[in-house]
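In my numbering, the protein residues as written are 2 to 365.
Even glycine gets a Cβ: it sits at the ideal position worked out from N, Cα and C.
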Ligand code: F6P
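Structure follows, in structure tokens:
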């Protein structure tokens, strides 16, 4: 197909290391085919205020593969179907501005949108696809919770950062004979906590997929004492909850679908102190997990996602998401990709391995 296409790309939702590598790959692969690439700023905002659209060229994207963040900006509050806007008297009203997004897309003569995002952004992309905007999705999230792809980019970097943090906690925990509780991101999936907890030799890993009993967590800490290990490392996913308890969160933000998770680490630390008398501290690793340069793995997989998106566009595929089904990149229906999430399977080899290492999930 020798058609000279005008394609666009946006990044939506929480940033993840590797976004710039996708932008680079899409730009370079499109340029080779003689196409034009336009970067839409801050999710769909660039299609509401079209001054926020930039022509992406090899010169513009040179050197960005190793950079964290996204040169296009992103938002997790930019749902054009439910956009908070100020009315004439200054009050905030929620409006559906999706028709304006679509008409600007068409007016600019854009052929396809490469939508790089997690479940929320892919759901938006899917709604635009249903309205007639041709879309190819690219799966992004540090949480690794999209079912249609074996892995999302950003996850490996988040796990590496978390493992490094857990490694560092060992020496201070040991020096003070303390229990250190570290809360990690991941929303309703425990992938980051599980992978970094095993790699960082945690004593306890608490994930949303396995509701825990705080008494079992304390049993593990006290069992360590009996064996002469006088400190403990507890890794808690932000979405974990005690059996019969609720997920702890910090409420909602205007323009956002999901609650902001956080607080379980502190709760677990307090309960351990109360029940064991051990000196206990908690920390939240937070956005450090999303920051910095992507690992080699994330760069490579992000470049492969971007290049595959352009190949699929060239083949005439639309309304699909690029997915990694090792060793291949495949196109899966966008709707299916946007709808299905991926919790950690309870019989996964990583869970079995953790149990073999003596790691407790607070359930046995
Ligand atoms: O989905 C990515 C993620 O980092 C989650 O792990 C976390 O719960 C959320 O985004 C945090 O969002 P925000 O950047 O708005 O605090």
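- By the beta-carbon neighbour count (other beta carbons within 10 angstroms, threshold 16), residue 326 is exposed.
- C-alpha of residue 86 to C-alpha of residue 8: approximately 28 Å in a straight line.
- The three-state reading of DSSP puts residue 255 in coil, since its state is none of H, G, I, E or B.
- The C-beta distance from residue 129 to residue 141 rounds to 17 Å, too long to fall under 8 Å, and the pair is not in contact.
- Along the segment 83-170, the alpha helix (DSSP H) occurs as fully enclosed runs of 4 or more residues at 99-108, 120-132, listed in sequence order.
- Buried is the label assigned to residue 167, since at least 16 other Cβ atoms lie within 10 Å of its Cβ.
- Residue 81 holds the alpha-carbon nearest to the alpha-carbon of residue 97 among 81, 105, 91.
- About 44 Å separates the beta carbon of residue 95 from that of residue 180, a gap too long to meet the 8 Å contact definition.
- In the DSSP assignment, residue 183 falls within the beta strand (DSSP E) that extends over 180-185.
- Just measuring C-alpha positions, the residue of 35, 344, 178, 43 sitting nearest residue 11 is 43.
- The beta carbons of residue 304 and residue 66 sit closer together than 9 Å.
- Residue 83 and residue 256 have their C-alpha atoms some 7 Å from each other.
- Residue 213 sits in a strand when the DSSP states are folded into three classes.
- By the CB criterion at 9 Å, residue 295 and residue 22 fall inside the cutoff.
- For residue 9, the secondary structure class from DSSP, reduced to helix, strand or coil, is strand.
- Two segments are said to touch when three or more pairs of C-beta atoms, one from each, lie closer than 8 Å; by this definition the segment 344-358 does not touch the segment 54-74.
- When rounded, the separation of the alpha-carbon atoms in residue 57 and residue 24 is 9 Å.
- With a 10 Å radius around the Cβ and a threshold of 16 neighbouring Cβ atoms, residue 358 comes out exposed.
- Under the DSSP definition of a beta bridge, residue 334 partners with 321.
- With 16 or more other Cβ atoms inside 10 Å of its own Cβ, residue 322 counts as buried.
- Approximately 12 Å separates the beta-carbon atoms of residue 193 and residue 17; this is outside 8 Å, ruling out the contact.
- Straight-line measurement puts the Cα of residue 203 at about 14 Å from the Cα of residue 161.
- Linking residue 230 to residue 301 through their CA atoms gives a straight-line distance of about 40 Å.
- In this model, residue 125 and residue 195 are separated by some 29 Å (Cα to Cα).
- The C-alpha of residue 247 lies about 30 Å from the C-alpha of residue 165.
- When secondary structure is reduced to three states using DSSP, residue 232 falls in the coil class, being assigned neither helix nor strand.
- In the structure shown, the three-state DSSP call for residue 37 is strand.
- Going by DSSP, residue 301 is part of the alpha helix (DSSP H) stretching over 297-315.
- Set against 8 Å, the gap from the CB of residue 288 to the closest heavy atom of the ligand F6P is smaller.
- Going by C-alpha positions, residue 310 is about 18 Å away from residue 71.
- In this structure, residue 30 sits away from residue 37, with a CB-CB distance that is not shorter than 9 Å.
- With 16 or more other CB atoms across the displayed protein chains lying within 10 angstroms of its CB, residue 206 is buried.
- Per DSSP, reduced to three states, the secondary structure at residue 202 is coil, with no helix or strand assignment.
- Taken through DSSP and simplified to helix, strand or coil, residue 352 comes out as helix.
- In the structure shown, residue 243 adopts extended strand secondary structure according to DSSP, grouped into three states.
- In this structure, residue 201 sits near residue 163, with a CB-CB distance shorter than 9 Å.
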